[in-house]
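Data first, discussion second: the structure below is written as structure tokens.
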Amino acid sequence: MKLTHSPFRTLPHGFAWTSTLGLLGSLAAQTAAPTPAVNPATEGEPTDELPEIVVTTTSEKVYKPERLQSPKYTEPLRDVPQTITVIPKAVIEDRGAFSLRDVLRNTPGISMQAGEGGGGLSGDNLSIRGFTSRGDLYQDGVRDTGSYNRDPFNTEQVEVTKGPSSSSNGRGSTGGSINLTSKLANQEQGGSVSQSFGTDNLYRTTADYNQPISDHMALRVNGMYHSADTPGRDVVNQERYGLAASLAFGLGTETRAYINYQHLSENNIPDYGIPWVPANGTFSGSGTRLNNYKDKAPPVSFDNFYGRENTDFEDVQSDIITGILEHDFSDKLKLRNVLRYGRVYRNSVITAPRFFDTVPTAQIPDPANPGQFINDPATVGNQYTSALNRQMQAREQTQEILSNQTNFTAEFDTGILKHALVTGMELTWERQVNANAARADAAGRSDIFNPGLNDGVYTGRPVLPGGAESHLDTFSLYAFDTISIAKYVELNGGLRYDHLEYESRNPGGSAGFSGSDDLISWKAGIVVKPVEYGSIYFSYGTSFNPSIDTNVGLGLTAAVADLNPEENRSYELGTKWDLFDERLSLTAALFRSEKTNARTNDPILGTVLAGDQVVQGVEFGLAGNITKDWQVFAGYAYMESEVRDSAVVAELGQSLGNTPDHSFNIWTTYNLPFRVQVGFGAQYVGDRQNGNSNTSRTAPGYWTCDAMLNYQVNDKFNVRLNVYNLADERYIDRVGGGHFVPGAGRSAALTASYKF
């Protein structure tokens, strides 16, 4: 495994870390012990009154959520045997997070990834604990695989679950999953409106209003408009608007129903970043100095835009409609059904800059495969200058999902055992139609050192072929049980059966490939509670990745059509404690995730299930109030990754792509006198490779720091100033195969909010 320099000291490789968990447990037991109430009565004096217990809130802003939204998790977060970070609305607002990517900077072990091919994979493309998680995004517990940039305007909290969990979610979730919980109508009248102005032409308006219609009926409406350039990047900008509505019936009764709708529209000039300097070949003429930067970022300003201002665009429309029905047969018997239809349409043209080979390698017929071509070994290629070949990549894509989930929750006793049993069924239909094309010619050339925004104007976009169409039908049955033994031990288990049927048709509707899979996923855990406010746990879980679920959405090719799903497993040993009268949550966990039959490319047999990949490490979390005026939300993860087996020799012993050894985040606020609050945040991401092989490029580690100043004018009105990337650090945010996307430069936003 390649070792790289890091400002953190490398942690031990063995499980001597268990001593750290033991130390945390003993410290927490002392710190979290409740302070005995002081009885004002004189000692020995009789009294007929019980001591008064005064409950006060330390802050209106909640930094320490207690539960997940999903009915599959019946216990509070403290007693769930898995690493789960819940990012609450208060943290999202205080940090001035305007996108899901911004929100996810508040948890370690997540890395962003750049799109590749056919117009690039747009939207929230990321990895969790070393494994791609593009398809592991959920909204209200229902899969949301659309390729778009999510905005938190309609989000109560973001739930990040670490480690394989197909028993809860079905396919995927090798590294983890992310769930966004939507705002729902309720019985409280009121709302809020906020207006943000900032550098780089930032303009953002949000509004949220909830209105009871009757004693048991209410309507809630959310709206958002956002427009901004990207700090530190020429030309790139985002414009979007969103509208969400929630209509509730039966509030406060045994039977409740919600009809929710969310629309998000985007009109962006997308960012395909800056090309890596090729590793092989020779640079001459205007590009001679690039010989010193092979396999690295070129020596150019990170502001440079290498796309085409007059042709590049990204138009995305997302619509989600949801029906929720809940019924309480009693306090211990509950039914919940969720019906969802979602559709995401994307139309885009993106320019991919690549260094132009002035002497391209010639192609000759392949004698072993009639009709195919191979590189001619007699020709010499990889000859470059500073010239760039601008490849126009067009994509038109439609993604749809229709899903129904039914959950039945029952609490009952069997002797001394207390059960919280959840059983359920899921029926899901998914469809994707994807058409893409690319074009590059001499008219599109530019220069790495002096890019023109519209060099070689194209007269038209590439002609899109008929779209390739893919379908995936899922039928699932599952059950989860949490068994409490007295007050000190809980057993947690889950079992899920998935039947998948899938089909992928070639462009034009011609015959493609089809298949089916039957899989069982499970998880088990034990939680030991030495005291009510602390737990120590061990858990094991599995997950799977079917061949049709690719890094670019649904799709099936001849190379993988007959392959079984990849299989994953995870082990975790951890502890969770609520300190300072349960105001502050402290968590720590050792984890190990293994993909035991990863897809890998054999030079003779093609794609085979012969790979073996592992990620192991430790993660810490801290969330809540240290004092009534001091809040904190922080996390640190150390991840040691390795490709232990692969048919590609260059990958053996290497780290997994986009997997930093160290990642750290902290956000903390403090209440000063005169209604003033200050905040500070920092994030560190260590070195990352853009692939799994020993020829992969490395994105250097980086630090960024943010600050916040908030003034509460009165109970209803406040003004907040956020400054992002204080030091104007220039860093690589998203890594891709042929290019990388720089992170945003320094910027600021001033937000005025009014509650009514």
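Quick note: the sequence shown, position 516, residue 515 per numbering that gives the first Met the number 0, numbers continuous. All residues carry an ideal CB built from backbone N, CA and C; glycine is no exception.
Check whether the Cβ atoms of residue 498 and residue 517 lie closer than 7 Å to each other. Taking 7 Å as the Cβ cut-off, residue 498 and residue 517 qualify as a contacting pair.
Neighbourhood of residue 486 by C-beta, 8 Å cutoff - its chain only, sequence neighbours within 5 removed: 528, 531
Can you tell me which of 712, 752, 139 puts its alpha carbon nearest to the alpha carbon of residue 337? 139
In the DSSP assignment, find the unbroken beta strand (DSSP E) run with residue 531 in it and report its ends. Taken as a continuous stretch (DSSP letters only), residue 531 belongs to no beta strand (DSSP E), as it is neither H nor E.
Could you tell me which residues DSSP puts in a beta bridge with residue 502? 470, 513
Using CA coordinates, which residue listed in 488, 470, 406 is at the minimum distance from residue 432? 470
Buried or exposed for residue 252, please, with buried defined as at least 16 other CB atoms from any protein chain shown within 10 angstroms of its CB. The residue is exposed, with fewer than 16 neighbouring Cβ atoms inside 10 Å.
6 Å Cβ shell around residue 66 - same chain, five flanking residues per side excluded: Answer for residue 66: 75, listed in chain order.
Quick check: what's the CA-CA separation for residue 554 versus residue 468? Roughly 8 Å separates the two Cα atoms.
Measuring alpha carbon to alpha carbon, tell me which residue in 354, 373, 164 is nearest residue 363. 373
Going by other Cβ atoms of all chains shown within 10 Å of its Cβ, with 16 needed for buried, is residue 161 buried or exposed? Classified as buried, residue 161 has 16 or more neighbouring CB atoms from the shown chains inside 10 Å of its CB.
For residue 576 and residue 142, what's the separation of their Cα atoms in angstroms? 31 Å
For residue 274, which beta-bridge partners are listed by DSSP? 738
C-alpha distance - residue 492 paired with residue 521, whole-angstrom precision: 7 Å
For residue 670, which three-state DSSP category applies? strand
Which residues in the same chain have their Cβ closer than 6 Å to the Cβ of residue 581, if we skip the five residues on either side of it in sequence? So the qualifying residues of the chain are 532.
Mapping DSSP to helix, strand and coil, what is residue 46? Unreliable positioning characterises residue 46 in this predicted model, as indicated by a pLDDT of 41, which lies under 50. A coordinate reading is not provided.
With distances taken from CA atoms, which of 230, 227, 231, 223 is nearest residue 244? 223
Please go through the same chain and pick out, in chain order, the residues whose beta-carbon is closer than 7 Å to the beta-carbon of residue 753, but skip the five residues on each side of it. 191, 192, 715, 716
Would you mind stating whether residue 392 and residue 437 have Cβ atoms separated by less than 7 Å? yes
Cβ atoms of residue 237 and residue 200: under 7 Å apart, would you say? no
Under 7 Å between C-beta atoms of residue 536 and residue 570: no
Inter-residue spacing [alpha-carbon to alpha-carbon] between residue 685 and residue 415: 49 Å
In whole angstroms, give me the CA-to-CA distance for residue 130 and residue 174. 5 Å
Which residue wins for smallest C-alpha separation from residue 692, given the options 608, 732, 726, 650? 650
Taking a contact to mean a Cβ-Cβ separation below 7 Å, would you say residue 768 touches residue 490 in this structure? Examination of residue 768 is not possible in this model, given that the chain is present from 0 through 755 alone.
Where residue 738 falls, given that 16 or more other Cβ within 10 Å makes a residue buried: Residue 738 comes out buried.
Distance, residue 101 Cα to residue 90 Cα: Each residue's alpha carbon lies about 11 Å from the other.
Which of helix, strand or coil does DSSP assign to residue 748? Three-state DSSP puts residue 748 in a strand.
Could you name the residues that DSSP lists as bridge partners for residue 590? 571, 616
What residue ranges within the segment 294-330 form continuous beta strand (DSSP E) runs of no fewer than 3 residues, ordered along the chain? 312-329
Could you tell me the boundaries of the alpha helix (DSSP H) in which residue 228 lies? Here residue 228 belongs to no alpha helix (DSSP H); instead the beta strand (DSSP E) covers 216-228.
For residue 358, three-class secondary structure by DSSP: coil
Helix, strand or coil: how does DSSP classify residue 364 here? strand
How would you call residue 425, buried or exposed, if buried means at least 16 neighbouring beta carbons within 10 angstroms? buried
Contact check, residue 597 vs residue 610, beta carbons under 7 Å: yes
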